[in-house]
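Asker: Read top to bottom, the protein sequences are chains A and B.
My numbering puts the first sequence at residues 43 to 380.
My numbering puts the second sequence at residues 6 to 797.
Structure incoming, see below.
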Amino acid sequence: MDIKEELALLKSAILEDAESVGDLKSLEEYKFKYSGRKGEIAGYFKRMKECDPADRPVMGNLLNELKKIHADKVEEISSRIAVKSLKTKKVDHTLPGSPAFYGSRHPLLLVLDEVKQFFTEIGFEIWEGPEAETEYYNFDALNFPKDHPAKDEQDTLFLNNGNLLRTHTSPCQVRFMEKNPPPIRMIAPGRVYRDDNWDATHSPVFYQVEGLYIDKGVTFQHLKGVILAFARRIFGKDAKIRFRPSFFPFTEPSAEYDFQCVYCKGKGCRICKGTGWIEISGAGMVDPGVFKYVNIDSEKYTGYAFGMGVERIAMLRFGIDRIRLFYDNDLRFIRQFS
Amino acid sequence: MLVSYNWLHELVDFEWSPEELAHKMTMAGLEFEGLEKVGNYKLDKLIIGKVVSAVPHTDSDHLTCCKVNIGSEEVSLICGAPNVAEGQIVPVALPGVTLPNGFTIEKARIRGFDSFGMICSERELGISDDHKGIMVLDNSYKTGAPFTFKTEEDIIFDFSITPNRPDFMNMIGVAREIAILTGNELKKPVISFEKEQKDGPEIIVEIDDPDGCPRFSCRVIEGVKVGPSPVKISRRLNSLGFKSINNIVDATNYVLLERGHPLHAYDLNNIKDNTIHVRRARKKETFTTLDKINRQLHVDDVMICDGRRTIGLGGVMGGKNSEVKNNSKDLLLECAYFNPVNVRWTAKRQVLSTEASKRFERGADPDDTLASLDRLTQVIQDLSEGCKVYETIDKYPRKIPAVTIPFRYSRVKTVLGVEIPEKQINNIFSGLECEIKKDKSGIKVTAPSFRPDLSREIDLVEEVARIYDYDNIEPVFIDHVSILSEENKKEKLIKLTREIFLGLGMDEIFSNSMEEPQKYPLLIAEGKPLTIKNPVSSEMSVLRQSLIPGLYRALIFNFNRDQDQIRLFETGKVFGAGIGDSVEKDERLCIGGIIQGNEQPHGWRSNPAEVDLFTVKGILERYFSKILLDNVEINPYAKLAVSGIYEIIYSGKRLGFFGQIHHTWFKIPQKQKLFFWEIDFLILHDIVDLKHRFSPISSFPAVKRDIALVVNRDVEFEGIKNFISSLGGELLNSIMLFDIYSGEQIAGDKKSIAISLKFQSMVKSLTDEEVQEYIDKILSGLQNKYQAVLRT
Chain A
43 MDIKEELALL KSAILEDAES VGDLKSLEEY KFKYSGRKGE IAGYFKRMKE
93 CDPADRPVMG NLLNELKKIH ADKVEEISSR IAVKSLKTKK VDHTLPGSPA
143 FYGSRHPLLL VLDEVKQFFT EIGFEIWEGP EAETEYYNFD ALNFPKDHPA
193 KDEQDTLFLN NGNLLRTHTS PCQVRFMEKN PPPIRMIAPG RVYRDDNWDA
243 THSPVFYQVE GLYIDKGVTF QHLKGVILAF ARRIFGKDAK IRFRPSFFPF
293 TEPSAEYDFQ CVYCKGKGCR ICKGTGWIEI SGAGMVDPGV FKYVNIDSEK
343 YTGYAFGMGV ERIAMLRFGI DRIRLFYDND LRFIRQFS
Chain B
6 MLVSYNWLHE LVDFEWSPEE LAHKMTMAGL EFEGLEKVGN YKLDKLIIGK
56 VVSAVPHTDS DHLTCCKVNI GSEEVSLICG APNVAEGQIV PVALPGVTLP
106 NGFTIEKARI RGFDSFGMIC SERELGISDD HKGIMVLDNS YKTGAPFTFK
156 TEEDIIFDFS ITPNRPDFMN MIGVAREIAI LTGNELKKPV ISFEKEQKDG
206 PEIIVEIDDP DGCPRFSCRV IEGVKVGPSP VKISRRLNSL GFKSINNIVD
256 ATNYVLLERG HPLHAYDLNN IKDNTIHVRR ARKKETFTTL DKINRQLHVD
306 DVMICDGRRT IGLGGVMGGK NSEVKNNSKD LLLECAYFNP VNVRWTAKRQ
356 VLSTEASKRF ERGADPDDTL ASLDRLTQVI QDLSEGCKVY ETIDKYPRKI
406 PAVTIPFRYS RVKTVLGVEI PEKQINNIFS GLECEIKKDK SGIKVTAPSF
456 RPDLSREIDL VEEVARIYDY DNIEPVFIDH VSILSEENKK EKLIKLTREI
506 FLGLGMDEIF SNSMEEPQKY PLLIAEGKPL TIKNPVSSEM SVLRQSLIPG
556 LYRALIFNFN RDQDQIRLFE TGKVFGAGIG DSVEKDERLC IGGIIQGNEQ
606 PHGWRSNPAE VDLFTVKGIL ERYFSKILLD NVEINPYAKL AVSGIYEIIY
656 SGKRLGFFGQ IHHTWFKIPQ KQKLFFWEID FLILHDIVDL KHRFSPISSF
706 PAVKRDIALV VNRDVEFEGI KNFISSLGGE LLNSIMLFDI YSGEQIAGDK
756 KSIAISLKFQ SMVKSLTDEE VQEYIDKILS GLQNKYQAVL RT
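The structure is reproduced here in structure tokens:
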């Protein structure tokens, strides 16, 4: 028989056999029969040597064509089998996906990130001062009168080396102004300490952010502006603020500022103790007495300073009712945020 | 500070509701803390009773022994009232009840007869001053029911007062603020009383210590009758937190509440030699104050003495030896001004904060001593008719000058931003009782003597803002052009670090930086911890020197609450005496972590391995590669008694440590292994350069070859890796270890290392032959250096 006739028969065998292949096992046999290393197509490639050299290119082409026809059929059959098996074999898609560890941000630091983000966006730089402070920076340079009851209100924790744990982040104002001439726009986040026992809203250690803005022409109106803008960022565009007179030796006029209660919208509820307002922290215009300590001319420059209790804001933001939760590090708590 | 709504109404007209008053005062700087309505009483153990029998006491001409049915039982008691009679319905106070005048009923034994309660008069209940006899109720009152009654209704406000405002610590001060805000007149009581024309007994007043006591004023009153106060006064004192003692002491407290200046009444007969002598305490001197406590004095304490003895602790509390008693007749009334600093320290040293010391240490009004004495005299004369009042004696050796402040109207706009008309500013000042004089550049303002907080222009600006109302100062937004030009590298690195560890599956924690002293070996900090002198508790007595104890505590907290696979990290400061030479250098920001459990979470398809040293090392390797830190070395840390701790070194600098938590440091839960790491962020920050640079990517295929080598067991992988790397040239793209084996098929002192090598060129497709050349070179090199044999 002419080799070309043989190849024609082989071709029809490939096509015919393909019809009867129905499962993976017969597909393997089908592949092996024709395209395996010892398969029929390979056999013809070997026999090419016996052929007339002039016929070899034609034969080569024919064989490659058969190889392709076979490969196409294999492809066709295997996808047919796959479709068929998908239809018959059911996957339990309700099984859980593969698990992986993924960490959660601590809610306090999450809120701190937002505070930093806001103030850096409006041109404040971030600076940090020491937590173990000297009496000078924590009190004297902040214009605390010597031997005044105002110091008693701070409930200071003292260290055995003669220093103390800062009771507020305000020492950062002085430290920063000592090193940087105006204009100044700075926030200083960090921990502060008080001789205070744990209760729902008090903690012996808590996180504060100090803000300071010194320039020509800065007024109390700008202070109210920046706090309002911040309140809107954290609690939405309807946020409302309230400033009321207070006393801090390092600011004058001094104020406490409140946010309108985000839960009752000012109507009065349990969270705001019926007042409609929630106290956030203190603020005011930098006292000329402080400027004197850092050699800034209070006739030329004015400025505002404010504090901000990060726990307080986070508690409001997430509806957390106990400050202690921030320090227990209960994963069932931490993982609720992120 | 408690404030009476009714009393305020006597001093100024206003129509605000209690809620409005609370709000207005808060907005004026007198923060509202709460209120209480008084006047309607329903007291536990104040019961309606029926007198079952009333028999005169055999041993007394005015006492009656009664049996009273109080519903549930019959009680025996003694009654001193003349009108008590069998069959009466009466209010009965049983032991344990405190009456509105502050008096607490106790079980008593009177002339051999046990008395289990008291039948009350109207005065005892504070209903009226009627004390002729007990209250007799009509038949509509049910025996055994609680007795409810009404007195004058009032609302008591609690305001918190900032330390700069002593003038707020009295009713007139609060009323003054209302007067300014409403524009109504402040109606101070008009003072008038009858004074003797002739001189009274001579009193010698000597002030040795004009620093401690710049002014001492006093007055003699003769022939007073000490007795109970009328209910209006006792009730008012009571609702404002004072106990009613007697009409004289009550009068001093009443005037104190009204005007704010502390006053004291001495029994004149107990003042020896009619002499008052003010001096500093002597060394080791002691003194018994009114509260019967014998106190060790300090040489800075200011003492009031008579001719022979000490009779008062100046500005804080009077002495037991000169107090007004029920039989006192002649009095010396004192109104002095004490130095705030002395009083503050005396009160602090003695841990004795009194109504007087609270006011003196904030600053009383030195100019008000005579007026306060006059007002006290008036009240006493009202309460004890017929007493003789003599002229005041006033020693004022160190006059405290009034403060005059130059004030520029323009400063208001500079500081507050708003324009407030000059006329309005002037009105604010006069409302505050400041005197104004016109001046070339503005005005000169003299602050009233009761406002020690007003001494500078800025203080006046604040007053203007306060009365103008902070609410009326509109917020203004600034144009925000950043002053910054440089990015904050530290902040950026911290942020990135936290993101990386979160992504590596670790939860972020935040722990207390105060803790109890630890057994944890010092790694990053050195020396003794910083100790807190007055810690909140012993669990918070030192500042942490490492993040590891806090991480451990958090891990255990969660482990004990059925959590597993705990992976935590924290960024925070550690403290160490001896790290640096200034407070700033003494604090180091660190990053630490702790892990427990498995390498991967349990799933239905996997059974992950337990965490070990290489889990931590893997976390750190990924972290360092993300912050572009190559060539980090790891060495065993030999300085500790325990092994398994490694130091992390970068070009000779130690970045930190990692390893296994040892059971001698902390208690480890059974069958658990905990691994930690801690890095000194400040050192890391100096090294890391986050400037990413692009390196080109090959577009040609890579050729992968796996080789398995048999080497001696003690050969370290890193040496082999570096050696292969040096032989592989730049085409050797990566070296990946994928198996380590030692066991049956390998000689006992050998191990098999399986490595996958990947070759890739930037300029062409590599052929098998080219790659084989490198493989041969690598294999023969390894054979020479490590006697490594290709495993077959």
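Note that the Cβ used here is the ideal one computed from N, Cα and C, for glycine as well.
Among the residues of its own chain, which have a CB less than 6 Å from the CB of Thr69 of chain B, if the five just before and after it don't count?
Answerer: Ala59, Pro61, Cys84, Val89
Asker: Hey, Tyr179 of chain A and Pro213 of chain A are a contact pair by Cβ (cut 8 Å); roughly how many whole angstroms apart?
Answerer: 4 Å
Asker: Evaluate Phe681 of chain B with the Cβ neighbour count: other Cβ atoms within 10 Å of its Cβ, from every protein chain shown; 16 or more gives buried, anything less gives exposed.
Answerer: Buried is the label assigned to Phe681 of chain B, since at least 16 other Cβ atoms lie within 10 Å of its Cβ.
Asker: Using only the alpha-carbon positions, how far apart do Cys310 of chain B and Ala407 of chain B sit?
Answerer: 30 Å
Asker: Measure the beta-carbon distance from Ser362 of chain B to Val348 of chain B and round it to whole angstroms, keeping in mind my assumption that it falls under 8 Å.
Answerer: 5 Å
Asker: Please confirm whether Arg377 of chain A has its beta-carbon closer than 8 Å to some beta-carbon of chain B.
Answerer: Proximity of Arg377 of chain A to chain B, defined by a Cβ-Cβ separation below 8 Å, is satisfied.
Asker: Among A:Lys266, A:Gly204, A:Phe348, A:Asp44, whose alpha-carbon lies nearest the alpha-carbon of Met228 of chain A?
Answerer: Nearest of A:Lys266, A:Gly204, A:Phe348, A:Asp44 to Met228 of chain A, Cα basis: A:Phe348.
Asker: Looking at Met322 of chain B: is its Cβ nearer than 8 Å to the Cβ of Thr293 of chain B?
Answerer: Taking 8 Å as the Cβ cut-off, Met322 of chain B and Thr293 of chain B do not qualify as a contacting pair.
Asker: Where do the N-terminal and C-terminal ends of the alpha helix (DSSP H) with Leu26 of chain B fall, by residue?
Answerer: 23-32
Asker: Please decide whether Asn517 of chain B counts as near chain A, where near means a Cβ-Cβ distance under 8 Å.
Answerer: Answer yes: the Cβ-Cβ gap between Asn517 of chain B and chain A drops below 8 Å somewhere.
Asker: Does Lys279 of chain A come within less than 8 Å of chain B when only Cβ atoms are used?
Answerer: no
Asker: Counting pairs of beta carbons, one from the segment 563-580 of chain B and one from the segment 589-607 of chain B, are three or more of them closer than 8 Å?
Answerer: yes
Asker: Checking contacts by CB at 8 Å: is Asp119 of chain B closer than that to chain A?
Answerer: no
Asker: Got a sec, what are the start and stop residues for the beta strand (DSSP E) Phe118 of chain B sits in?
Answerer: 118-120
Asker: Determine the burial state of Thr640 of chain B: buried for a count of at least 16 other Cβ atoms within 10 Å of its Cβ, exposed for fewer.
Answerer: With the sequence shown as reference, residue 640 of chain B is identified as Asn, and Thr is not the correct amino acid for it. By the neighbour-count rule (16 or more Cβ atoms within 10 Å), Asn640 of chain B is not buried but exposed.
Asker: Can you tell which of B:Glu38, B:Asp399, B:Ile110, B:Glu127 has its C-alpha closest to the C-alpha of Ser120 of chain B?
Answerer: Minimum Cα distance to Ser120 of chain B is reached at B:Ile110.
Asker: Decide yes or no for the touch test of the segment 711-730 of chain B against the segment 514-528 of chain B: beta carbon pairs closer than 8 Å, at least 3 of them.
Answerer: no
Asker: Nearest-angstrom Cα distance between Val57 of chain B and Gly76 of chain B?
Answerer: Each residue's alpha carbon lies about 12 Å from the other.
Asker: Would you mind sorting Gly583 of chain B into buried or exposed? The rule is 16 or more other CB atoms within 10 Å of its CB.
Answerer: Summary for Gly583 of chain B: the model assigns pLDDT 47, below 50, so the residue's position carries little reliability; its value from the coordinates is reported in the next sentence. It counts as exposed.
Asker: Considering only residues of the same chain and omitting the five flanking positions on each side of Gly39 of chain B, which have a CB-CB separation below 6 Å?
Answerer: Asp163
Asker: DSSP beta-bridge partners for Leu201 of chain A?
Answerer: DSSP output for Leu201 of chain A lists B:Ile537 as bridge partner(s).
Asker: Assign Gly585 of chain B to buried or exposed, taking buried as 16 or more other Cβ atoms, counted over all protein chains shown, within 10 Å of its Cβ.
Answerer: A caution first: Gly585 of chain B carries a pLDDT of 48, below 50, which makes its placement in the model too unreliable to give a value.
Asker: Check whether the Cβ of Gly117 of chain B lies closer than 7 Å to any heavy atom of the ligand PLP, and answer yes or no.
Answerer: Absent from the structure shown: the ligand PLP. Ligands present: none.
Asker: Looking only at C-alpha atoms, which of B:Gly324, B:Asp134, B:Leu787, B:Ile208 sits nearest to Asp296 of chain B?
Answerer: By alpha-carbon distance to Asp296 of chain B, the top candidate from B:Gly324, B:Asp134, B:Leu787, B:Ile208 is B:Gly324.
Asker: Whose CA, out of B:Gly748, B:Lys137, B:Lys769, lies closest to the CA of Ile702 of chain B?
Answerer: B:Lys769
Asker: To the nearest angstrom, how far is the alpha carbon of Arg377 of chain A from that of Arg147 of chain A?
Answerer: The alpha-carbon atoms of Arg377 of chain A and Arg147 of chain A are separated by roughly 8 Å.
Asker: Cβ closer than 7 Å: which chain A residues qualify as neighbours of Ala369 of chain B?
Answerer: Simply none; closest approach about 13 Å.
Asker: Here's the rule I'm using: 16 or more other beta-carbon atoms within 10 Å means buried, otherwise exposed. How should Val80 of chain B be labelled?
Answerer: The residue is buried, with at least 16 neighbouring Cβ atoms inside 10 Å.
Asker: Ignore the nearest five residues each way along the sequence and tell me which others in Tyr557 of chain B's own chain have a CB closer than 6 Å to its CB.
Answerer: Phe671
Asker: With 8 Å as the limit, tell me which residues of the segment 108-133 of chain B have their beta carbon closer than that to any beta carbon of chain A; keep them in chain order.
Answerer: none
Asker: In terms of residue numbering, what span does the alpha helix (DSSP H) encompassing Val251 of chain A cover?
Answerer: Val251 of chain A -> not in any alpha helix (DSSP H); beta strand (DSSP E) instead, spanning 247-257.
Asker: Does the beta-carbon distance from Leu199 of chain A to Val352 of chain A come in below 8 Å?
Answerer: In this structure, the beta-carbon distance from Leu199 of chain A to Val352 of chain A does not fall below 8 Å.
Asker: Taking the alpha-carbon of Ala270 of chain B as reference, which of B:Thr63, B:Ala341, B:Ile161 has the nearest alpha-carbon?
Answerer: Nearest C-alpha to Ala270 of chain B: B:Ala341.
Asker: Which bits of chain A does Trp21 of chain B rub up against, with CB to CB less than 7 Å?
Answerer: Neighbours of Trp21 of chain B on chain A: none; closest Cβ ~16 Å, over 7 Å.
Asker: Would you list, in sequence order, the uninterrupted alpha helix (DSSP H) runs of no fewer than 4 residues that lie entirely inside the segment 495-582 of chain B?
Answerer: 553-564
Asker: Taking contact to mean at least 3 C-beta pairs separated by less than 8 Å, is the segment 380-399 of chain B in contact with the segment 150-165 of chain B?
Answerer: Judged by pairs of C-beta atoms under 8 Å, the segment 380-399 of chain B does not touch the segment 150-165 of chain B, as fewer than three such pairs exist.
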